[in-house]
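Number of protein chains: 2
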Amino acid sequence: MREAGLRVGVDEFGNLIGSRPSELGSALLAGSHLDTVPQGGMFDGALGVVAAIECARVLHEGGRSLRHPFVAIAFAEEEGYTFGSGTLSSRSLLGEMPRDQFSELVDRSGRTYDEYLRARAHGLPQAHVPAQVRAYIELHAEQGPHLERMAKQVASVDQIVGSQRTVVTFEGRAAHAGTTPMDRRADALLGGAEFVLAVNEIATASNGRGVGTVGELHAYPGARNVIPGKTALSVEFRSQDDTWLTSARERADGAAGKIAGRRKLGVRVTPWTGSLVQPMDSGLQQAILAAMRLAGHDAVTLSSWAGHDAGILARYVPSGMIFVPSTGGISHAPEEHTPWPAVEAGTHVLLETILRLDATDGTGGTLPLAYAAR
Amino acid sequence: MREAGLRVGVDEFGNLIGSRPSELGSALLAGSHLDTVPQGGMFDGALGVVAAIECARVLHEGGRSLRHPFVAIAFAEEEGYTFGSGTLSSRSLLGEMPRDQFSELVDRSGRTYDEYLRARAHGLPQAHVPAQVRAYIELHAEQGPHLERMAKQVASVDQIVGSQRTVVTFEGRAAHAGTTPMDRRADALLGGAEFVLAVNEIATASNGRGVGTVGELHAYPGARNVIPGKTALSVEFRSQDDTWLTSARERADGAAGKIAGRRKLGVRVTPWTGSLVQPMDSGLQQAILAAMRLAGHDAVTLSSWAGHDAGILARYVPSGMIFVPSTGGISHAPEEHTPWPAVEAGTHVLLETILRLDATDGTGGTLPLAYAAR
Chain A
62 MREAGLRVGV
72 DEFGNLIGSR
82 PSELGSALLA
92 GSHLDTVPQG
102 GMFDGALGVV
112 AAIECARVLH
122 EGGRSLRHPF
132 VAIAFAEEEG
142 YTFGSGTLSS
152 RSLLGEMPRD
162 QFSELVDRSG
172 RTYDEYLRAR
182 AHGLPQAHVP
192 AQVRAYIELH
202 AEQGPHLERM
212 AKQVASVDQI
222 VGSQRTVVTF
232 EGRAAHAGTT
242 PMDRRADALL
252 GGAEFVLAVN
262 EIATASNGRG
272 VGTVGELHAY
282 PGARNVIPGK
292 TALSVEFRSQ
302 DDTWLTSARE
312 RADGAAGKIA
322 GRRKLGVRVT
332 PWTGSLVQPM
342 DSGLQQAILA
352 AMRLAGHDAV
362 TLSSWAGHDA
372 GILARYVPSG
382 MIFVPSTGGI
392 SHAPEEHTPW
402 PAVEAGTHVL
412 LETILRLDAT
422 DGTGGTLPLA
432 YAAR
Chain B
62 MREAGLRVGV
72 DEFGNLIGSR
82 PSELGSALLA
92 GSHLDTVPQG
102 GMFDGALGVV
112 AAIECARVLH
122 EGGRSLRHPF
132 VAIAFAEEEG
142 YTFGSGTLSS
152 RSLLGEMPRD
162 QFSELVDRSG
172 RTYDEYLRAR
182 AHGLPQAHVP
192 AQVRAYIELH
202 AEQGPHLERM
212 AKQVASVDQI
222 VGSQRTVVTF
232 EGRAAHAGTT
242 PMDRRADALL
252 GGAEFVLAVN
262 EIATASNGRG
272 VGTVGELHAY
282 PGARNVIPGK
292 TALSVEFRSQ
302 DDTWLTSARE
312 RADGAAGKIA
322 GRRKLGVRVT
332 PWTGSLVQPM
342 DSGLQQAILA
352 AMRLAGHDAV
362 TLSSWAGHDA
372 GILARYVPSG
382 MIFVPSTGGI
392 SHAPEEHTPW
402 PAVEAGTHVL
412 LETILRLDAT
422 DGTGGTLPLA
432 YAAR
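Each protein sequence line maps, in turn, to chains A and B. Start counting the first sequence at 62; every next residue gets the next number (the working numbering). Start counting the second sequence at 62; every next residue gets the next number (the working numbering).
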């Protein structure tokens with residue numbers, strides 16, 4: 062960031078901010094996130110941050126000034142693995158995660174989100190995201206197979222799909238795996254296994270309207286010679302269609318109850334959380350598509366099946382996303398890759414979009430920043 | 062042990078040994094194990110150790126001498142949770158676990174069995190299990206529901222059921238849980254879930270001839286927004302019938318292959334390990350039953366569905382077991398309990414059996430002790 066002429070700092074939510082000041086009050090924001098999932102790849106998130114810095118570098122080395130301030134931003138905790146809560150830093154930044162809940166979020170080592178934030182200064186000066194924002198643009202790997210299937214290098218995103226998630230816990234009775242006859246067991250893992258298959262069935266039956274995943278499953282106490290007395294698992298549904306999401310939730314609730322009843326297990330479904338379908342700003346989509354056409358790309362538009370910080374910022378300021386392909390549709394895995402020509406093409410479209418927006422006086426918006434002190 | 066007049070020491074396999082020397086070379090051994098499973102109870106193992114010490118205390122305080130040396134023993138690592146290998150200390154003691162494999166067993170912190178043993182001196186003097194053994198007697202909670210159902214306090218054990226275990230790993234492809242369409246997934250947890258149900262079905266269909274359990278299941282990488290690329294699970298079958306065990310293994314192998322084929326997953330079944338059905342010494346069973354009758358108990362005989370150190374020692378020296386009831390049939394759980402009158406009755410039968418054996422000149426056996434230096 063410093064080599065690209067940006068003034069570097071970090072805010073109290075762990076977001077890394079590189080600023081290029083200018084005359085107009087309304088800033089152009091570009092970036093993505095730097096955190097990742099366990100065993101993830103090197104493109105998800107980091108690519109959009111590097112692309113934003115690359116745009117700043119090209120402007121800096123070319124001696125090109127902008128009318129608007131430009132800010133390259135790297136959000137923290139977008140995957141949200143540390144505290145089990147996605148887009149955590151952008152939601153904290155915008156006051157969507159109330160400060161009095163910071164001490165309720167606890168990581169695997171017992172540290173609260175409060176304590177985590179206090180330890181994140183990185184020795185960098187304090188900085189702030191500007192409140193007046195003309196637009197936020199995020200370049201990101203598609204993380205799905207569509208662009209590669211279409212043999213395209215770049216797409217504009219029309220919406221971020223809605224998602225719903227919960228944790229389901231089956232409770233049985235831990236007992237000795239040798240001495241407990243089959244008809245005297247209350248094996249919580251059997252309930253969990255049936256429910257994993259039920260979630261898959263609900264999503265598969267949607268014929269492409271939605272996806273459903275159990276990504277985490279823990280059987281307790283977890284010894285080969287002990288019948289599991291408790292099984293906890295995560296459930297996540299995503300869809301372009303809020304109605305389908307509601308029905309998937311209801312069917313999962315119903316399946317959990319039915320399985321527990323049949324297997325004489327207790328069951329607890331924690332309240333579902335998530336977001337509705339979030340459209341991207343239409344003016345910004347037009348600017349991205351125009352930048353794509355200028356560079357000789359077809360006007361491809363896709364929906365994002367992954368959540369992004371852009372989905373949070375879009376609630377307050379014009380936000381848009383540029384997708385580049387994921388080889389084999391693979392993401393959240395070490396093999397994650399985007400072909401380098403597509404990286405170059407996407408970054409070029411990002412720069413061209415920034416220049417277009419800078420040349421026009423659009424109406425932006427105000428971010429309700431939740432900084433404690435300014 | 063010291064208060065009971067025993068000379069206390071520990072051997073190089075972590076076994077705690079309390080000896081009462083006497084004239085005859087052939088020793089009477091009684092005891093059980095001190096280790097436990099995670100979230101286990103306080104009876105499994107410890108009860109048999111305390112009962113053996115109590116017998117020594119009664120003899121000591123009553124000034125009663127025995128013809129045979131008496132040894133109270135507390136085996137280590139019978140549950141085998143630390144290194145994932147049951148009856149580890151008794152098998153090591155008897156050379157069934159070759160010393161060159163000690164560095165291949167690794168616990169959750171990365172420590173090898175070799176390193177673990179070197180750190181286990183406890184500040185106690187070195188001691189050894191005697192090689193010439195007249196009999197080994199282990200008092201233990203039944204860990205199942207039968208004695209309680211029959212409203213009996215004590216039973217003699219006729220055999221320890223055979224067991225077979227393995228680890229099955231399904232391999233798919235980790236990918237993003239939002240962006241990967243349902244028809245492009247290779248979700249390893251779906252294979253694991255189906256297999257959990259298949260193991261249960263194989264055991265349930267046995268109509269009491271066998272039990273089958275998946276006690277451990279791990280989905281990797283284990284994040285709510287990542288499709289599991291790998292699932293590893295433990296499988297364990299137990300039966301009074303070696304033929305059934307063989308067929309259960311074959312059916313589980315078949316199910317794993319079929320599930321993997323249908324779901325386009327890789328699958329690996331590590332070689333099955335375990336033991337055949339192990340009968341207890343018939344002369345020792347008669348001595349225990351005679352001691353029971355003397356104390357007014359019915360001549361109840363049960364099979365043990367759990368493995369025990371007695372099953373290992375029985376391969377070399379006359380071995381027998383005394384069972385006391387488990388309330389609700391529960392074991393390997395904090396609620397594990399044996400009513401105190403039954404504890405007293407069982408310990409009384411143990412003492413009476415020791416006195417009977419001491420009074421007769423039976424043929425014992427020789428333990429092939431694997432001590433490095435004597």
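The beta carbon of each residue, even a glycine, is placed where N, CA and C say it ideally should be.
| query | result |
| --- | --- |
| Element boundaries [alpha helix (DSSP H), containing R354 (chain B)] | 343 to 355 |
| Chain B within 8 Å of W305 (chain A), Cβ atoms only | no |
| C-beta neighbour in chain B for G290 (chain A), strict 8 Å | yes |
| Under 8 Å between C-beta atoms of K319 (chain B) and T230 (chain B) | no |
| Within 8 Å, strictly: CB atoms of L149 (chain A) and G156 (chain A) | no |
| Three-way DSSP call (helix, strand, coil) for L294 (chain A) in this model | strand |
| Own chain, CB closer than 8 Å to H279 (chain B), minus 5 neighbours either side, in chain order | T292, A293, L294 |
| Where A235 (chain B) meets chain A, residues with beta-carbon distance less than 7 Å | Q100, H393, A394 |
| C-beta neighbour in chain B for W333 (chain A), strict 8 Å | no |
| Close beta carbons around I415 (chain B), own chain, < 8 Å, minus the five adjacent residues each side | L89, A91, C116, L127, F131, I198 |
| Helix, strand or coil at E219 (chain A) according to DSSP, with G and I counted as helix | According to the sequence shown, residue 219 (chain A) is Asp rather than Glu. Reduced to three states, the DSSP call for D219 (chain A) is strand. |
| Endpoints, the beta strand (DSSP E) within which I415 (chain A) is located | That residue, I415 (chain A), is in no beta strand (DSSP E); its alpha helix (DSSP H) goes 401 to 420. |
| Residue nearest to G273 (chain B) in terms of C-alpha spacing, selected from B:I288, B:R285, B:G315, B:S300 | B:S300 |
| Chain A within 8 Å of A403 (chain B), Cβ atoms only | no |
| Whether S80 (chain B) touches L95 (chain B) by CB criterion (8 Å) | no |
| Beta bridge counterpart(s) of S93 (chain B) as assigned by DSSP | B:A135 |
| Cross-strand partners of I288 (chain A) (DSSP beta bridge) | A:A236 |
| Among A:G425, A:T424, A:G86, A:V410, the one whose alpha carbon lies nearest that of Q214 (chain A) | A:V410 |
| Neighbourhood of D219 (chain B) by C-beta, 8 Å cutoff - its chain only, sequence neighbours within 5 removed | P340, M341, Q346, T362, L363, S364 |
| Minimum Cβ-Cβ distance from V229 (chain B) to chain A less than 8 Å | no |
| Paired residues, beta bridge with M382 (chain B) - DSSP | B:E199 |
| C-alpha gap between R172 (chain A) and G276 (chain A), whole angstroms | 23 Å |
| Selection from B:A403, B:A367, B:H237 that minimises the alpha carbon distance to A236 (chain A) | B:A367 |
| Opening and closing residue of the alpha helix (DSSP H) in which R323 (chain B) lies | 303 to 324 |
| Proximal residues to A259 (chain B) (C-beta, below 6 Å), its chain only, five neighbours per side dropped | A316 |
| Three-state secondary structure (DSSP) of G265 (chain A) | Just to set this straight, residue 265 (chain A) is Thr in the shown sequence, not Gly. Of the three classes helix, strand and coil, the one that applies to T265 (chain A) here is helix, per DSSP. |
| Cβ shell of A107 (chain A) (< 7 Å), same chain only, five flanking positions each side left out | L95 |
| Residues of the segment 130 to 160 of chain B with Cβ closer than 9 Å to any Cβ of chain A, in chain order | E140, G141, Y142, G145, G147 |
| 8 Å CB neighbourhood of L355 (chain A) in its chain, flanking five on each side removed | E413 |
| For S336 (chain A) and S224 (chain A), believed in contact at Cβ under 8 Å, the rounded distance | 6 Å |
| Exposure label - D244 (chain B); buried when at least 16 CB within 10 Å | exposed |
| Below-8 Å beta-carbon distance, V361 (chain A) vs any chain B residue | no |
| Every unbroken alpha helix (DSSP H) inside the segment 105 to 171 of chain B [4 residues or more] | 107 to 122, 149 to 154 |
| Any non-hydrogen atom of the ligand SAM closer than 7 Å to R324 (chain A) Cβ | Of ligands this structure carries none, so the ligand SAM is not represented either. |
| Where P186 (chain B) falls, given that 16 or more other Cβ within 10 Å makes a residue buried | exposed |
| Beta-carbon neighbours of R226 (chain B), restricted to chain A and to distances below 7 Å | R285 |
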